[in-house]
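Read the structure below first, then the notes.
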Amino acid sequence: MPEDRAELLDVRGLTKVFGTLKACDNVDLRIGKGEIHALLGENGAGKSTLVKMLFGSLEPNGGEIRWKGKPVRIGSPNAARKLGIGMVFQHFSLFEALTAAENIALSLDDDTPINTIAAKAKALSYSYGLPLDPYSLVGDLSVGERQRIEIIRCLLQTPELIILDEPTSVLTPQEADKLFATLERLRAEGKSILYISHRLEEVKRMCDAATVMRHGRVVDHCDPRKETAASLARMMVGNEVHAVVRTPFEGMAEAPVLLEVRDLSRPPATPFSIPLRHVRLDVRGGEVIGIAGVAGNGQGELFEAISGEVLQGDPGAIRIGGADCGRLKISARRMLGAAFVPEERLGHGAAPRMTLSENLLLTRHATDARAYVGAFGVIVTGALQSAAQRIIRTMDVRKSAVDPEAASLSGGNLQKFIVGRELDRQPRVLVVNQPTWGVDAGAAARIRQALIELARAGSAVLVISQDLDELFEISDRIAVMHNGELSEPIPAAEATLERIGLLMGGAEPGHVDHSAETA
Amino acid sequence: MFDAIIITIATAATPILIAAIGELVVERSGVLNLGVEGMMIMGAVTGFGVALTTGSPWLGFLAAAVVGALFSLLFGFLTLTLVTNQVATGLALTLLGLGVSGMIGEAFIGQPGVKMGNISIPLLSDLPFVGKLLFGQDPIFYLSILLTLAVAWFLFRTRAGLTLRSVGDNHASAHALGIDVIGIRYMAVTFGGACAGVAGGYLSLVYTPQWIENMTAGRGWIALALVVFASWRPWRVLAGAYLFGAVSIGQLHAQALGVGVPSQLLSALPYLATVVVLVLISRNRRLTMINTPASLGRAFVPDR
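Next up, the structure:
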């Protein structure tokens, strides 16, 4: 780190303990003036805990924060704002039922009239190239537009240090470029930025310095411009991550279509949600199709329709293995050989307070009734236990007891179990929503490899994900969901980041170069 | 005759309006207090007792407000500080209020009460039709209209009101911005309790100046329903309360005239009519969504 720069923030030995878990253990962090400083680490490494302490929403158990050379105590977000620290949250702290201007007003202490705030916010937003209508209702805005409100809200307080928590995880590549331009301009104005991310390429591209965290500790300080993506990844994970191997998919033309979606439409479930508009999709046995898209463009609605959580009027809208099942319930669809992994692990994918073997029975009570349920509905404990242990072994699920409660597992390990539970059945059709969200790199690689292997064994695999890198890694074809419409799937060889990004941002869907599509 | 009917309608509507406006503020902050009935009946018995002892209906109303607020603070302590279930706690509060009021009020049964008189503005109150209605009512009637006006203005025109609505919309975000979620909810709950107390006092000091056990007769529940069906908007609460008042007075007259409908059915009419009309006007789902406090009834525990 260059010594000539004036130090703005100096954190020494900061510690935060939750129960027995040391979320932050003796953390040091130094940020200079006019510097974009990256905070790197996997999910659960303690990055969010650290910045919450810097922004005053968590109280540290030990250590010291120095601001411009003087020790300070940051007791609340208001205190942080007074010092000149602003924050753009990862899970936005916005109020859906209020307008953009009202949202901004809530974080300002003074009693400036809403109309004045609206005018100021509008002027500022245009000057930074992030146009914003201050009177629009947040509930009606896209994720990218919501982020603009957060950024503008933060800038209006004229902060000297801006904390951005995973800002690009919800943006299209083009929106992200725009954000980077804004950040460079802020740096040029002498503001400092703490940039939290696990995307190494953008860190290498923009940041002047980096602090890497693992398991609550700082493991390294470095200059990301002098590192490679691989060396940064090694610092984050602690060891080499095995690359996912995708063997080419042979014989696509002859492979049978196992999952068909035909002209599927759904009205919006709530005034703020997205309808599905004439979605069509064929997934053939043997291939992995990825669905990309910015969060909240109808992916969740599509998953519910395919899995049978919401039924369709038209039986032919969804066909699994050639059978009409638009009006069939979840268990009936599973009986046809389909399996589903929803987005939310706890509460949706698994019952938190039940054991893993009980959770196994909950999803497979219909399909494996003969194996696990005996006469008069009595559970065959032995068979169930051995199946659960088999899944735990195959997926390398790390746990503290023989058959622990689902909630006691870490996110990554529970996800491995939930995916493994479906893979264990060798389903003909597998639909997964966000397979590796919040999962550490090692577990993610394992899950991705398992999905590819299932496809190559002849099953149809559909993966919905916000993580573009993941989709490029595992998909044979990629389709993009935008505003409830699904584009034609693009073969992986022709799909570039730019092309997918444009579709995610709403460029005309369905207009694919047809010369390459049907070989 | 016409004047008299209009005035009785206002008298029937006022307690429901006051209780509902208080509960509206509570629910806008994200707290569901089902104890309105219990707080009302406590206000009724306290108001009656204090007015009887001191001879002053004003002191009666003051005592009713204080007791309603104290009762709601008990609810606030349980649900906000100890994070108990709001629905169960609210129901318990209603049962507690009905029981305790019956015990306190035993000595008051059959005693003639103190009635708060109507004010009368010379000349103006002699105007035909509107005179008695606009210028010859009891003071609490004027208070209820002012209260509606003040609450509407507070919620939608002031920064403090915006903060209160934000807490009800998303308490996690509000906390992240440094807003004192629990403190604001305590204030809202206390305000709601004071309103419910005054509404109860109105029953035993104006509506029927005597103490009868269970004299609230479900008005607390109607106030709760009004808030929901009025999509948490003050002027719709006012309209709903007056509709309820009109139908209850109308059915009394119908009973007196001997209309050939069972009296039980007529007695149920105000409840039915209010709910039907408010369901019809809350059909606009988008508007309802925007006005519904999204955190309503959800417990909040800040992580520190």
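Chains as they are written, first to last, in the numbering used here: chain A, 1 to 519; chain B, 1001 to 1304.
Glycine included, every Cβ here is placed at the ideal spot set by N, Cα and C.
Check	Outcome
Partners in chain A for R1285/B, counting only beta-carbon separations shorter than 7 Å	P271
Cβ-Cβ separation, L462/A to V431/A (assumed contact under 8 Å), whole Å	5 Å
Q157/A beta carbon less than 8 Å from that of R73/A	no
C-beta neighbour in chain A for N1085/B, strict 8 Å	no
Integer Cβ distance of E520/A from G44/A, believed to fall under 8 Å	An answer regarding residue 520/A cannot be provided, because it is not within the stretch 1 to 519 covered by chain A.
Span separating the alpha-carbon of I500/A from that of A507/A	10 Å
R428/A burial status per 10 Å Cβ neighbour count (16 or more: buried)	buried
Boundaries of the beta strand (DSSP E) in which H221/A is found, first to last residue	R217 to C222
Chain B within 8 Å of P529/A, Cβ atoms only	Chain A is shown from 1 up to 519; residue 529/A falls before or after that span and cannot be answered.
Any 3 or more C-beta pairs closer than 8 Å across the stretch 347-362 of chain A and the stretch 325-335 of chain A	no
Proximity of L132/A and A100/A at Cβ, strictly below 8 Å	yes
Helix, strand or coil at A457/A [DSSP, three-state]	coil
Short Cβ contact (8 Å threshold) for M252/A with R284/A	yes
Nearest-angstrom Cα separation, counted from V143/A out to I1145/B	42 Å
Burial state of E470/A, where buried means 16 or more other Cβ atoms lie within 10 Å	buried
Chain-order list of residues whose beta-carbon lies under 8 Å from that of N1291/B (same chain, five-residue window excluded)	S1231, W1232 and R1233
8 Å Cβ cutoff met for L161/A and L183/A	no
Those residues which DSSP pairs with N43/A across a bridge	Bridge partners of N43/A: none, in fact.
Short Cβ contact (8 Å threshold) for L362/A with A351/A	yes
Where A1241/B falls: helix, strand or coil (DSSP)	helix
Check whether D1003/B and L1134/B have beta carbons under 8 Å apart	no
Beta-carbon spacing of G286/A, I474/A below 8 Å	no
Cβ-based burial, E422/A [other Cβ within 10 Å; buried from 16]	buried
Residues within the stretch 1143-1174 of chain B neighbouring chain A, beta-carbon criterion of under 8 Å	R1159, L1162, T1163, R1165, S1166, D1169, N1170, A1172, S1173 and A1174
Straight-line gap, D403/A to T367/A (C-alpha atoms, nearest Å)	22 Å
Local conformation of W1153/B per DSSP, three classes	helix
V1198/B versus A1010/B, R1028/B and M1039/B, residue with shortest Cα-Cα distance	M1039/B
L1205/B versus S1101/B - alpha carbon distance	15 Å
Min CB distance L98/A to chain B below 8 Å	yes
Among G19/A, I65/A, G56/A and T20/A, nearest to V27/A - alpha-carbon criterion	I65/A
Beta-carbon proximity of P275/A to R262/A, cut-off 8 Å	no
Closer than 7 Å at the beta carbon, the chain A residues around T1095/B	The identity of residue 1095/B in the sequence shown is Leu, whereas the question assumes Thr. Ordered by position in chain A, no residue passes the 7 Å Cβ test against L1095/B, which lies about 31 Å from the chain.
Helix, strand or coil at E227/A [DSSP, three-state]	coil
Test: G13/A CB closer than 8 Å to a CB of chain B	no
Interface flag, A243/A vs chain B, CB-CB below 8 Å	no
Presumed contact (8 Å Cβ cut-off) between Q449/A and V244/A, rounded CB distance	5 Å
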